[in-house]
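Visitor: Residue numbers (full-length UniProt numbering): 1 to 482.
Structure below; questions to follow.
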Ligand code: NAD
């Protein structure tokens with residue numbers, strides 16, 4: 001560990017060292033390149049105390065001042081787009097071009113959208129002249145918010161929680177994934193630079209079981225927003241139940257793409273390719289089951305496989321590569337175990353097994369080719385479990401009723417996409433899908449004023465300009481007799 005850079009916790013506006021550290025790896029080389037604090041209950045307690053103290057002032061700071069500071073954070077991050085994108089890529093394995101085009105711009109959008117939201121907030125008022133009363137509502141920030149985020153879109157997802165919490169007047173204790181802590185640390189420096197008051201945002205680095213559980217079980221953290229796996233989401237739900245905390249859980253997905261025979265394949269195929277493989281398939285919204293109507297099944301598979309074969313995988317700093325490296329050795333092995341399962345079950349692996357030609361420096365990185373599997377039964381774990389890698393199954397269907405039932409047959413319910421040129425099909429099918437978002441002839445088009453979240457094992461609650469405000473505030477209805 002000696003000689004390598006060490007991150008420090010960000011508590012009460014100060015950078016504080018810890019006693020022990022965790023190794024962080026560059027997924028594209030397999031090299032240990034960074035050490036991050038292995039925080040526990042003691043560090044979390046300090047962070048919560050700092051956040052509680054700062055809450056007294058921050059919760060009363062006018063919305064326009066909170067918005068000004070959030071916009072200032074966005075401006076600084078935007079001015080350092082390259083630096084942030086390169087750091088995100090090195091920590092996570094994604095291509096630099098993707099971090100530049102998607103992750104870091106979205107960090108700025110998160111800050112600005114929620115800053116704007118707080119400037120436009122209104123309440124409800126209702127007169128009841130029949131009883132000489134009038135009513136109105138007001139929203140109060142809940143208190144210290146615990147924000148826990150995953151490794152796949154590190155700063156993008158952390159700021160999707162941080163921005164509304166700060167806008168609402170909460171102070172926060174954040175814990176990014178232990179595998180991708182770097183850009184949160186860089187953001188902490190920006191927050192000091194723009195003058196965010198000490199203790200408003202605290203960032204504690206470390207593992208889920210140690211630092212994460214210390215946050216979710218802290219009695220002075222009344223609201224928890226978590227994005228991550230369903231297994232951990234269930235544990236957090238159980239751990240927080242005795243405290244009756246406010247909870248938002250954004251969990252895993254097993255998302256269907258439904259392609260009807262009247263589809264415009266020229267438009268569908270490039271988007272479907274992206275939705276199956278972008279970010280190495282490490283997106284909760286990834287399409288991992290593609291249902292294609294029988295008359296066009298063979299043609300769809302042929303063209304999809306051709307395109308998948310042409311995708312370039314390798315060095316994340318090379319902008320010719322569409323895919324970089326998966327997050328870790330363990331995660332690569334997990335994704336590969338599903339490809340082994342496909343072999344064992346006698347499925348057809350149309351592409352994905354060809355060897356990769358990687359530059360010398362990337363030989364120990366965690367790379368995988370886009371893998372396309374057919375001849376797979378709906379009951380296979382390939383069709384029911386989240387793989388979270390560049391592996392997609394394509395299966396045929398006959399009728400609309402059948403495909404709705406099959407798409408809904410999994411435990412998850414995050415999103416789906418429908419591909420058809422018939423607007424009637426769209427309006428019949430979309431509302432019947434048990435998911436939080438349905439995209440029609442597109443994928444991952446997002447406006448932050450619209451609610452985002454999942455059903456079933458994909459989570460509880462919604463995030464968005466209005467919905468997140470409801471999470472981080474408590475509403476009081478005031479009834480006045482005159
Ligand atoms: P994970 O559940 O392993 O970890 C997520 C975060 O929770 C990390 O910061 C981790 O340290 C922390 N954590 C782990 N155990 C904890 C515990 N016991 N108590 C408190 N915190 C704990 O998930 P991951 O592997 O980092 O991310 C991948 C998962 O996230 C996938 O399932 C993916 O679908 C999901 N995800 C969902 C969305 C969404 O919006 N629905 C978005 C992105 C990712």
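Note that the Cβ used here is the ideal one computed from N, Cα and C, for glycine as well.
To the nearest angstrom, report how far apart residue 188 and residue 412 are at their CA atoms.
Guide: For residue 188 and residue 412, the distance between alpha carbons rounds to 34 Å.
Visitor: Along the alpha helix (DSSP H) that carries residue 99, what are the first and last residues, could you check?
Guide: From DSSP, residue 99 is part of no alpha helix (DSSP H); its letter is neither H nor E.
Visitor: For residue 173, which of 343, 450, 217 has the nearest alpha-carbon?
Guide: Here the closest residue by C-alpha is 217.
Visitor: Tell me, to the nearest whole angstrom, how far the beta carbon of residue 288 is from that of residue 393; I am working on the premise that it is less than 8 Å.
Guide: With 8 Å as the limit, residue 288 and residue 393 qualify as a contact, their Cβ atoms being about 7 Å apart.
Visitor: Residue range of the beta strand (DSSP E) that residue 482 falls in?
Guide: It is not in any beta strand (DSSP E) - residue 482 carries neither H nor E in the DSSP assignment.
Visitor: When you compare only the Cα positions, how much space is there between residue 239 and residue 223?
Guide: If I take the Cα positions, the gap works out to 13 Å.
Visitor: State the beta-bridge partners of residue 22 as determined by DSSP.
Guide: According to DSSP, residue 22 bridges with 36.
Visitor: Applying the 10 Å Cβ sphere with the 16-neighbour rule, what's the burial state of residue 179?
Guide: Classification of residue 179: buried, given that the 10 Å Cβ count is 16 or more.
Visitor: Quick check: what's the CA-CA separation for residue 335 versus residue 368?
Guide: Each residue's Cα considered, the two are about 9 Å apart.
Visitor: By Cβ distance, which residues of its chain are closer than 7 Å to residue 29, with the 5 residues on each side in sequence left out?
Guide: These residues qualify, in order along the chain: 361, 362, 364, 365.
Visitor: Just checking my contact of residue 251 with residue 228 at CB under 8 Å: how many whole Å lie between their CB atoms?
Guide: With 8 Å as the limit, residue 251 and residue 228 qualify as a contact, their Cβ atoms being about 7 Å apart.
Visitor: With DSSP run on the structure shown, which of helix, strand or coil describes residue 296?
Guide: Three-state result, residue 296: helix.
Visitor: Could you tell me whether any non-hydrogen atom of ligand 1 is closer than 7 Å to the CB of residue 232?
Guide: Yes.
Visitor: Under the three-state reduction of DSSP, which class applies to residue 459: helix, strand or coil?
Guide: Residue 459: strand per DSSP, three-state reduction.
Visitor: Based on the DSSP output, what are the partners of residue 350 in its beta bridges?
Guide: None; residue 350 has no bridge partner.
Visitor: Would you tell me roughly how many angstroms separate the C-alpha atoms of residue 407 and residue 90, rounded to the nearest one?
Guide: Cα to Cα, residue 407 sits roughly 36 Å from residue 90.
Visitor: Regarding residue 176 and ligand 1, is the C-beta to nearest heavy atom distance less than 7 Å?
Guide: Answer for residue 176: yes, Cβ within range of ligand 1.
Visitor: Does ligand 1 have even one heavy atom less than 7 Å from the beta-carbon of residue 388?
Guide: Correct: residue 388 has its Cβ closer than 7 Å to ligand 1.
Visitor: Sort out for me which residues DSSP pairs residue 483 with in a bridge.
Guide: The structure shown does not extend to residue 483, since the chain spans only 1 to 482, so no value can be given for it.
Visitor: To the nearest angstrom, report how far apart residue 92 and residue 128 are at their CA atoms.
Guide: Residue 92 and residue 128: Cα-Cα distance of roughly 56 Å.
Visitor: Within 10 angstroms of the Cβ of residue 486, are there 16 or more other Cβ atoms? Answer buried if so, exposed if not.
Guide: Look at the range of the chain in this structure, 1 to 482, and you will see that residue 486 is not part of it.
Visitor: Measuring CA to CA, which of 439, 149, 77 is closest to residue 257?
Guide: That would be 439, whose Cα lies nearest to the Cα of residue 257.
Visitor: Return helix, strand or coil for residue 179, following the three-state DSSP convention.
Guide: DSSP places residue 179 in coil when its eight states are reduced to three.
Visitor: May I ask you to list the residues that DSSP assigns as paired with residue 223?
Guide: Note: residue 223 sits in a beta bridge opposite 145, 246.
Visitor: In angstroms, rounded to a whole number, what distance separates the CA positions of residue 195 and residue 98?
Guide: If I take the Cα positions, the gap works out to 30 Å.
Visitor: Taking 7 Å as the limit between beta carbons, can you name the residues of its chain near residue 215, skipping five residues before and five after?
Guide: Correct list, in chain order: 44, 146, 148, 173, 175, 221.
Visitor: Assign residue 432 to buried or exposed, taking buried as 16 or more other Cβ atoms, counted over all protein chains shown, within 10 Å of its Cβ.
Guide: That one is exposed.
Visitor: What residue range does the beta strand (DSSP E) around residue 128 cover?
Guide: That run of the beta strand (DSSP E) goes 125-128.
Visitor: Which runs of the alpha helix (DSSP H), 4 residues or longer, sit entirely within the region 350-428?
Guide: Fully enclosed alpha helix (DSSP H) runs of 4 or longer: 381-384, 400-407.
Visitor: Count the CB pairs spanning the region 457-475 and the region 156-173 that are closer than 8 Å, and state whether there are at least three.
Guide: Touching, yes.
Visitor: Given that a residue counts as buried once 16 or more other Cβ atoms are within 10 Å of its Cβ, and exposed if not, what is residue 353?
Guide: Answer is exposed; the Cβ neighbour count stays below 16.
Visitor: Specify the secondary structure class of residue 204 as computed by DSSP and reduced to three states.
Guide: In this structure, residue 204 counts as coil in the three-state DSSP scheme.
Visitor: Going by other Cβ atoms of all chains shown within 10 Å of its Cβ, with 16 needed for buried, is residue 79 buried or exposed?
Guide: That one is exposed.
Visitor: Could you pull out every residue in the same chain whose Cβ sits closer than 6 Å to the Cβ of residue 422, ignoring the five residues on either side in sequence?
Guide: Within the same chain, residue 422 has close Cβ partners 262.
Visitor: Does the distance between the C-beta of residue 440 and the nearest non-hydrogen atom of ligand 1 fall short of 7 Å?
Guide: Residue 440 Cβ: outside cutoff for every heavy atom of ligand 1.
Visitor: Within 10 angstroms of the Cβ of residue 475, are there 16 or more other Cβ atoms? Answer buried if so, exposed if not.
Guide: With fewer than 16 Cβ atoms within 10 Å of its Cβ, residue 475 is classed as exposed.
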